[in-house]
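Numbering (this note's numbering), first residue to last: 10 to 159.
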């Protein structure tokens, strides 16, 4: 039997018709398999009135080397991106108000760890460009949703 929707509620569901199953973390986010890279984001700080600094940590678990890693990020919680800048020598391409890609050209080896930072400026922040307030902790609103490596 296929999924039948009435508003946002699921009325019936057959597990034989589903394509995959993902475990849900306590925060309600879905753990999707990432393949050979585990990519996480965290805030290194906020500069009220200017920007927020995001640190990306990419850990390679594959058994191959490569020259390029391209990551697609999504800005969550309704924030609208104005600009991504100072991305540690990487290429940034804005895809929409909430999505962008960062391409890191540079050799990587098996089991390599890559870390870099960028600054993000948002249009609709109560802190005039930064996502959080200077000096305060905030869980990261940015996540890597896909990547390619070559």
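Each residue gets a CB set at the ideal place from its N, CA and C atoms; glycine is no exception.
Checklist entry - Taking the runs of the beta strand (DSSP E) that are 3 residues or longer, which of them lie wholly in the segment 93 to 117? => result 100 to 103 and 108 to 117
Next on the checklist: For the pair the segment 88 to 103 and the segment 123 to 130, tell me if three or more CB-CB distances fall below 8 Å.
Outcome noted: yes
Checklist entry - If you drop the 5 nearest sequence neighbours on each side, which residues of the same chain put their C-beta closer than 7 Å to that of residue 150? => result Residue numbering aside, residue 150 sits at position 141 when the chain shown is read from its first letter. 84, 85, 86, 88 and 140.
Next on the checklist: With H, G and I counted as helix, E and B as strand and the rest as coil, what does DSSP make of residue 127?
Outcome noted: Against the chain shown, residue 127 aligns to sequence position 118. Reduced to three states, the DSSP call for residue 127 is strand.
Checklist entry - Taking residue 74 as the reference, which of 138, 156, 116 and 157 has the closest Cα? => result As a first step, residue 74 must be located in the chain shown, where it is residue number 65. Cα-wise, what sits closest to residue 74 is 116.
Checklist entry - Who are the Cβ neighbours of residue 146 in its own chain at under 6 Å, not counting the five residues just before and after it? => result The sequence position of residue 146 within the chain shown is 137, counting from 1. Result list for residue 146: empty, nothing under 6 Å.
Checklist entry - Residues bridged to residue 83 by DSSP? => result Taking the chain shown and counting its residues from 1, the one referred to as residue 83 is at position 74. For residue 83, which the question treats as bridged, DSSP gives the partners 108 and 152.
Item to check | residue 102 vs residue 82 beta-carbon contact at 8 Å | outcome: Stepping through the chain shown from its first residue, residue 102 is reached at position 93. Stepping through the chain shown from its first residue, residue 82 is reached at position 73. Not in contact: residue 102 and residue 82 (Cβ atoms no closer than 8 Å).
Checklist entry - Tell me, which residues are paired with residue 55 by DSSP? => result Here residue 55 refers to the residue found at position 46 of the chain shown. Residue 55 is bridged to 61.
Checklist entry - In three-state DSSP terms, what is residue 70? => result Here residue 70 refers to the residue found at position 61 of the chain shown. Of the three classes helix, strand and coil, the one that applies to residue 70 here is coil, per DSSP.
Item to check | Status (buried if at least 16 other CB within 10 Å, exposed otherwise) for residue 70 | outcome: In the chain shown, residue 70 corresponds to position 61, counting from 1. Residue 70 is exposed by the Cβ-count criterion.
Checklist entry - Whose C-alpha, out of 51, 58 and 54, is nearest the C-alpha of residue 134? => result As a position in the chain shown, residue 134 is number 125, starting the count at 1. Residue 58 is the option with its Cα nearest to residue 134.
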